[in-house]
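Notes follow once the structure below has been shown.
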Amino acid sequence: MNLFKLAWTYLRIGVLNELQYRVNFFIQLLQSAISVATGLIGLSLVFGQVNNLAGWSQSELLAVMGVHILMGGVIRSAIQPNMERLMNDVLNGTLDFALTKPADAQTLVSVREFRFWQLTDVLVGLVILGIAVTQLQESMGALQVVSFLAALLMGAILLYCVWLMVTSIAFWVIRVNEIVNLFEGLYAAGRWPVSIYPDWLRTGMTFLVPVAFAVTVPAEAMTNRLTPESMLFAFGLTVLFMLMARGVWLLGLRSYSGASA
Amino acid sequence: MRRYVEFYLASMRVSILSQIQYRVANYFYMIGMITEPVIYLVVWSTIARQQGGVTGGYTPGTFAAYYIVWTLVRNMNIVFTPYGWEWRIREGNLSMELMRPMHPIHSDIAFFAGWKFVVILLWLPLAVFLTWVFKPTIDVTWLEVVVFFLAIWGAYLIRTMLLSLIGMITFWTTRVSAIFELYFGLELILSGRLVPLTLMPPWVQNLSAYLPFKWTFFFPIDALVGSMSPRELWTGIGMQVLWIVIGASFLNVVWRSAVRQFSAVGG
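Sequences listed follow chains H and R, in order.
Residues in the first sequence are numbered consecutively from 1, following this note's numbering.
Residues in the second sequence are numbered consecutively from 262, following this note's numbering.
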């Protein structure tokens with residue numbers, strides 16, 4: 001319970017900090033609008049040629065796009081800022097300040113930062129998802145909503161685990177910015193359902209950077225394509241990644257030596 | 262004149278030597294960049310296959326050729342960014358460069374031009390890998406190769422002018438990221454970066470004919486991958502020269518009033 005209280009306190013500080021800069025909301029909104037517009041243009045070009053892409057209709061792909069934007073907002077508001085701070089802390093030796101605190105270090109480094117205005121993308125993603133679902137004119141059962149939320153949560157946890165593992169590499173090699181760049185490239189591939197990609201890329205997007213589970217599976221839940229098996233598989237993978245991330249983090253921490261701080 | 266040539270050669274050599282040092286970092290960066298064209302390529306070859314093998318004149322093979330050449334052109338399109346200008350102006354680093362007897366744009370152009378040699382060298386194995394995976398169909402003539410080689414440097418210069426102009430907005434206002442994003446969005450659509458321009462609706466193609474974007478992306482790729490007549494190829498190079506001249510003139514005018522705006526804080 002203590003850990004949740006800790007996370008909540010940091011979240012509040014982060015939000016209060018950001019609320020001071022309100023113009024940033026409009027700038028963020030403009031940027032989201034630009035990225036939505038280019039995404040929609042891409043979709044319309046595709047559907048100017050065909051009426052489905054590997055079995056996905058336009059509205060279904062719109063749902064995928066909505067989830068992709070939503071999850072991108074989650075990454076940029078809660079996951080990426082923390083991991084970037086962790087990288088800098090390892091580089092500068094200032095991680096000492098976090099390690100000497102009595103709370104669990106992994107929890108601490110994962111909740112210290114929160115970019116409130118980036119949640120604009122979560123909102124924009126939800127709106128797009130809403131439009132897509134209305135177009136599909138499917139009745140939304142309670143089970144569907146629950147499985148969507150569960151898939152979304154597992155996806156976010158998976159992405160967090162991958163980020164933590166990648167960031168932990170910094171304990172050994174210090175400079176990891178370029179690996180982060182690689183991650184962003186692979187995440188961009190999640191804009192389209194993973195089933196369209198060739199096998200080798202699909203494997204990478206499932207197990208290396210689980211974009212498949214972070215974006216495609218929640219979108220499948222929303223469009224009635226999800227099987228109980230893939231939900232169960234997602235759950236198993238989430239547990240596995242959590243254990244692995246914990247292991248890599250503890251291993252990395254052992255080779256950490258504070259620099260000058 | 263001789264002064265400039267010596268300056269360029271020396272700066273390019275320094276940049277080649279220093280970027281070779283960071284070859285692993287450079288490589289990760291390039292690999293990260295490759296996912297973007299691979300996504301477009303997969304989507305469009307899926308569509309071509311669904312339509313019986315051809316869409317808008319492109320087969321999966323020619324799409325592969327387009328997007329593999331794309332990766333080199335994209336790398337040639339990397340120049341000193343508007344964000345770099347923002348940083349340079351905000352932090353006052355520009356003061357130091359203003360002290361030099363030469364316009365700061367020269368050191369930008371020379372530095373990135375040197376870097377390009379490293380980039381081209383590192384690009385070759387990636388191109389081999391992508392060729393092996395995606396099996397492009399490409400049929401080139403010597404003239405196309407020559408024009409392509411000129412065109413990628415033309416593209417580099419045009420984009421340097423454009424992005425410097427955009428970056429110099431920072432002289433007047435500091436909230437520029439939204440303007441930059443808008444610019445990059447337009448460029449994505451109108452340059453041929455997202456899809457070959459021939460797949461765009463006719464009015465977009467007409468519009469792009471009057472804008473500089475297509476000469477930085479679509480033209481160099483199409484010069485090598487497409488089948489333009491020698492006359493069209495040389496006209497394209499002419500258009501690139503025209504846009505470089507236009508860009509440089511604008512840069513000159515804007516620069517003169519911009520420097521008067523500039524007041525350094527520290528630096």
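From the three backbone atoms N, C-alpha and C, an ideal C-beta is built for every residue, glycine too.
Report back the beta-carbon spacing between residue i and residue j to the nearest angstrom; my notes put them in contact at under 8 Å.
i: residue 158 of chain H; j: residue 237 of chain H; result: 7 Å
i: residue 41 of chain H; j: residue 498 of chain R; result: Actually they are not in contact, since the Cβ atoms of residue 41 of chain H and residue 498 of chain R sit about 30 Å apart, beyond 8 Å.
i: residue 187 of chain H; j: residue 114 of chain H; result: Wrong, their Cβ atoms sit about 20 Å apart, outside the cutoff.
i: residue 86 of chain H; j: residue 109 of chain H; result: 5 Å
i: residue 156 of chain H; j: residue 231 of chain H; result: Actually they do not touch by this definition, with Cβ atoms about 15 Å apart.
i: residue 512 of chain R; j: residue 366 of chain R; result: 7 Å
i: residue 446 of chain R; j: residue 37 of chain H; result: 7 Å
i: residue 27 of chain H; j: residue 436 of chain R; result: 7 Å
i: residue 426 of chain R; j: residue 340 of chain R; result: The pair is not a contact, with the Cβ atoms about 12 Å apart (cut-off 8 Å).
Along chain R, in chain order, which residues have C-beta atoms closer than 8 Å to that of residue i?
i: residue 197 of chain H; result: 303
i: residue 184 of chain H; result: 293
i: residue 93 of chain H; result: By Cβ distance, chain R contributes nothing, its closest Cβ being about 22 Å from residue 93 of chain H, past 8 Å.
i: residue 192 of chain H; result: 300, 303, 304
Does the Cβ-Cβ distance between residue i and residue j come in under 8 Å?
i: residue 312 of chain R; j: residue 49 of chain H; result: yes
i: residue 164 of chain H; j: residue 234 of chain H; result: no
i: residue 141 of chain H; j: residue 70 of chain H; result: no
i: residue 416 of chain R; j: residue 31 of chain H; result: no
i: residue 418 of chain R; j: residue 277 of chain R; result: no
i: residue 404 of chain R; j: residue 463 of chain R; result: no
i: residue 332 of chain R; j: residue 384 of chain R; result: yes
i: residue 428 of chain R; j: residue 345 of chain R; result: yes
i: residue 43 of chain H; j: residue 61 of chain H; result: yes
i: residue 289 of chain R; j: residue 88 of chain H; result: no
i: residue 468 of chain R; j: residue 342 of chain R; result: no
i: residue 431 of chain R; j: residue 322 of chain R; result: no
i: residue 193 of chain H; j: residue 56 of chain H; result: yes
i: residue 221 of chain H; j: residue 148 of chain H; result: yes
i: residue 296 of chain R; j: residue 309 of chain R; result: no
i: residue 408 of chain R; j: residue 355 of chain R; result: no
i: residue 523 of chain R; j: residue 350 of chain R; result: yes
i: residue 219 of chain R; j: residue 501 of chain R; result: What the structure shows of chain R is the stretch from 262 to 528, and residue 219 of chain R is not part of that stretch, so it cannot be assessed.
i: residue 209 of chain H; j: residue 162 of chain H; result: yes
i: residue 129 of chain H; j: residue 63 of chain H; result: yes
i: residue 303 of chain R; j: residue 81 of chain H; result: no
i: residue 189 of chain H; j: residue 211 of chain H; result: yes
i: residue 478 of chain R; j: residue 334 of chain R; result: yes
i: residue 191 of chain H; j: residue 65 of chain H; result: yes
i: residue 337 of chain R; j: residue 185 of chain H; result: no
i: residue 6 of chain H; j: residue 111 of chain H; result: yes
i: residue 227 of chain H; j: residue 136 of chain H; result: no
i: residue 107 of chain H; j: residue 3 of chain H; result: yes
i: residue 268 of chain R; j: residue 363 of chain R; result: yes
i: residue 178 of chain H; j: residue 388 of chain R; result: no
i: residue 368 of chain R; j: residue 279 of chain R; result: no
Mind listing the chain R neighbours of residue i? Cutoff is C-beta to C-beta under 7 Å, in chain order.
i: residue 30 of chain H; result: 439
i: residue 34 of chain H; result: 442, 443, 446
i: residue 38 of chain H; result: 446, 449, 450
i: residue 54 of chain H; result: 307
i: residue 42 of chain H; result: 455
i: residue 46 of chain H; result: 304, 308
Which bits of chain H does residue i rub up against, with CB to CB less than 7 Å?
i: residue 290 of chain R; result: 178, 181
i: residue 436 of chain R; result: 27
i: residue 296 of chain R; result: 185, 186, 188, 189
i: residue 460 of chain R; result: 45
With respect to 7 Å, is the separation between the Cβ of residue i and the closest non-hydrogen atom of the ligand ADP below this value?
i: residue 170 of chain H; result: With respect to the ligand ADP, the structure shown offers nothing to examine, as it has no ligands at all.
Residues of chain C with CB closer than 7 Å to the CB of residue i, please, in chain order.
i: residue 49 of chain H; result: Given the protein chain composition of this structure (H and R), no chain C is represented.
Mind pulling the chain H residues with CB within less than 9 Å of residue i?
i: residue 359 of chain R; result: Within chain H, no residue comes near residue 359 of chain R; the closest Cβ sits about 30 Å away, beyond 9 Å.
Quiz item: Would you call the stretch 483-494 of chain R and the stretch 325-332 of chain R in contact, with 3 or more CB pairs under 8 Å?
Solution: In this structure the stretch 483-494 of chain R touches the stretch 325-332 of chain R; the number of beta carbon pairs closer than 8 Å is three or more.
Quiz item: With contact counted as at least three CB pairs below 8 Å, one residue from each stretch, are the stretch 202-220 of chain H and the stretch 101-121 of chain H in contact?
Solution: The answer is no - the stretch 101-121 of chain H does not touch the stretch 202-220 of chain H, with fewer than three Cβ pairs under 8 Å.
Practice problem: Could I get the ranges of all uninterrupted alpha helix (DSSP H) runs contained in the stretch 33-75 of chain H, with 4 residues as the minimum, in chain order? | Solution: Entirely contained in the stretch 33-75 of chain H, the alpha helix (DSSP H) runs reaching 4 residues are, in chain order, 58-74.
Practice problem: Only counting runs of 4 or more residues, tell me where the alpha helix (DSSP H) segments fall wholly within the stretch 111-178 of chain H, in order along the chain. | Solution: With a minimum length of 4 residues, the continuous alpha helix (DSSP H) runs that stay inside the stretch 111-178 of chain H are 119-136, 142-168, 170-173.
Quiz prompt | Those runs of the beta strand (DSSP E) which lie wholly inside the stretch 343-425 of chain R and span at least 3 residues | solution = Correct list: empty.
Quiz prompt | At least three beta-carbon pairs within less than 8 Å, the stretch 216-223 of chain H to the stretch 165-172 of chain H | solution = No, the stretch 216-223 of chain H is not in contact with the stretch 165-172 of chain H.
Exercise. Decide if the stretch 452-462 of chain R is in contact with the stretch 372-381 of chain R; the criterion is three or more beta carbon pairs, one per stretch, under 8 Å apart.
Key: Contact fails between the stretch 452-462 of chain R and the stretch 372-381 of chain R, because fewer than three Cβ pairs, one in each stretch, are under 8 Å apart.
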